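Here is the structure we will look at.
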Amino acid sequence: QVRLVESGGGLVQAGGSLRLSCAVSGIMITINTMAWYRQAPGKQRELVASISSGISTMYADSVKGRFTISRDNAKNTVYLQMNSLKPEDTAVYYCNTRPTRSAWGQGTLVTVSS
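As numbered in my numbering, residues 12 to 125 make up the sequence shown, in order.
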């Protein structure tokens, strides 16, 4: 059974940074494309960034140049380094495979104040 546990969210001022972690169990991230998604209040969940088994990455235009996705294969953990945060980055952040094949975790809330 796949389990995804996100952590690292919090309240930060605009321009600040946060690092999110996603501890994955039940699948090996080395053979899956992993991704971070987010859902802002009143909006649909959207793809933020992904990292393939071959380490190639992609980013949504809204976060390109500010966010960095990475993974630690030994820890089976995926990270999202978020810099230069903006109020519009406020959302609950989730990790999952891409395409999504597993049940969603509880997510981690990121709140960026102006």
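Quick reminder that beta carbons are idealized off the backbone N, C-alpha and C, glycines included.
Note that the coordinates shown come from a computational prediction; the quantities given were computed from them, not determined experimentally.
By the Cβ-count criterion, D83 is exposed, with fewer than 16 other Cβ atoms from all chains shown falling within 10 Å of its own Cβ.
Counting C-beta atoms within 10 angstroms of its own C-beta, L22 has fewer than 16 neighbours from the protein chains shown and is therefore classed as exposed. Residue pairing of E57 in beta bridges, as defined by DSSP: R49. Residue state for T44 is assigned as coil, using DSSP reduced to three classes. The distance from the Cβ of T111 to that of C33 is about 13 angstroms, inconsistent with a contact at the 8 angstroms cut-off. Counting C-beta atoms within 10 angstroms of its own C-beta, D72 has fewer than 16 neighbours from the protein chains shown and is therefore classed as exposed. Distances from the alpha-carbon of P52 to those of S61, V74 and V103 put V103 closest. With distances taken between CA atoms, I80 lies nearest to L58 out of S113, W115 and L58. In this chain, I66 is not harboured by any beta strand (DSSP E), its DSSP state being neither H nor E.
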